[in-house]
Amino acid sequence: MRDVIARALSWVLSVLAPRRPGRHSATFLAELPEPTAEPAPVDPWSKPWPTPTPEHIRALYTPLRGEDVALTRPYVLAETTMELGVIGERRRAAAFATLGVDYPYSYPGAPFPRSAFAAAGVSA
C-alpha cells in the first residue's frame, strides 16, 4: 500500500510541477545562447609549414606503381629464372626411390652421364 501511495504522490507532483522542455526539443535549443566565435589560438602548429615537403615524406603518401618501384619485379617466366629440369629429374628419382626402383637420372653438367648407370647394372 505504501508503494501505491508513493507512486501516486510522485505522479501528482510531476503533473503539477512546471516542466522543462526536453533536451533535444526545439524550445530547449531556442533557449540556448548563440555560440560566439572564439579566436583561433596562435601557435606555430596552426600555420602550414613554410618549407616544401621533403621527397621522402611525399613518397610515403604516393601510391605505388609497379614500373617505378625497384622492389617489385616485372613479370618473368619461372622457366627463365630457375633450372626446373634439374629439380624435376631429382624429384622423379626421389619418387622412384620411394617405390624401390633405381632411376638413373642425369642433368646438364652432371659428373656422370646416364650411360655410366647402365654399366653399373641399373636400368630405367
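Quick note: to get this note's numbering, add 333 to the position in the sequence shown (first position is 1).
Each residue gets a CB set at the ideal place from its N, CA and C atoms; glycine is no exception.
Residue i - containing alpha helix (DSSP H), residue span
i       : result
Glu-388 : 388-394
Arg-340 : 335-349
Glu-364 : 359-364
Contact test: residue i Cβ vs the ligand HEM heavy atom, cutoff 7 Å
i       : result
Ser-379 : With respect to the ligand HEM, the structure offers nothing, as it holds no ligand at all.
Residue j beta carbon less than 8 Å from that of residue i
i       : j       : result
Glu-422 : Tyr-394 : no
Tyr-438 : Ala-426 : yes
Ser-379 : Ala-370 : no
Pro-351 : Phe-361 : no
Residue of the options minimising C-alpha distance to residue i
i       : options                               : result
Ala-443 : Asp-435, Arg-424, Val-419 and Ala-430 : Val-419
Alpha-carbon spacing of residue i relative to residue j, whole angstroms
i       : j       : result
Ala-446 : Arg-424 : First, the amino acid is wrong: residue 446 is Pro here, not Ala. C-alpha separation (whole angstroms): 18 Å.
Leu-346 : Met-334 : 19 Å
Ser-358 : Leu-397 : 51 Å
Leu-432 : Phe-450 : 19 Å
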